[in-house]
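K.L.:
Provided herewith is a single structure, encoded as structure tokens, for subsequent inquiry.
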Amino acid sequence: MDLTSIPERGTLYALYLDKVKYEKYSRKELLEDKQLTEKLLELHLFNDTREYRYIKTRSGEIETLISDETVEHEDIYTEKIVTLGNKKEKPDKDSGLVEVVNYITYDENDLMRIENYRLKEVK
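Written out as structure tokens, the structure is:
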């Protein structure tokens, strides 16, 4: 895992075998975190302009850096998702938002296809 190209500060969304983490991070803290990759399945590190994504698969690992400049697209569709805290079922004053940026292309029949997506911080 190459963390040298991740955003300096942003939001961490990590899926582990036994837990889920969603929190703010700094690159310096992550580089010092020895337990970051232990039982890790999927990692998203993002700010408002780009996302670093790491996914562990049966056949290896997928690592990519996603931004408006790195993904070919003809259109963008964004949606806001409410994030809830631990054991919460409904949004409240402490709930946050994350934006999903979908990169869209169209085929020769004008059928829409979502080529990729990235998570985006909402400030």
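Last residue of the sequence shown: 128 in my numbering, with the numbers rising by one and none dropped.
Even glycine gets a Cβ: it sits at the ideal position worked out from N, Cα and C.
Quick one: Cα of G101 to Cα of S31, how far?
P.N.:
Using only the alpha carbons, I get a separation of about 19 Å.
K.L.:
On a Cα-Cα basis, can you pick out the residue from L22, E126, T42 that is closest to D7?
P.N.:
T42
K.L.:
Give the secondary structure of R63 by DSSP, where H, G and I count as helix, E and B as strand, and everything else as coil.
P.N.:
coil
K.L.:
Can you grab the Cα-Cα spacing for the pair R63 / N121, in whole Å?
P.N.:
Between R63 and N121, the C-alpha separation is close to 21 Å.
K.L.:
Please classify Y111 as buried or exposed, where buried requires at least 16 other C-beta atoms within 10 Å of its C-beta.
P.N.:
exposed
K.L.:
Note the first and the last residue of the continuous beta strand (DSSP E) segment covering L17.
P.N.:
14 to 21
K.L.:
How long is the line joining the alpha carbons of I109 and R55, rounded to whole angstroms?
P.N.:
17 Å
K.L.:
What does DSSP give as the partner residues of M117 in its beta bridges?
P.N.:
Y111
K.L.:
Just to confirm before moving on: does the CB-CB distance between V2 and K125 stay below 8 Å?
P.N.:
Given a span of 6 to 128 for the chain in the structure shown, any question on residue 2 remains unanswerable.
K.L.:
Could you tell me the alpha carbon to alpha carbon distance between K26 and R118, rounded to whole angstroms?
P.N.:
Between K26 and R118, the C-alpha separation is close to 30 Å.
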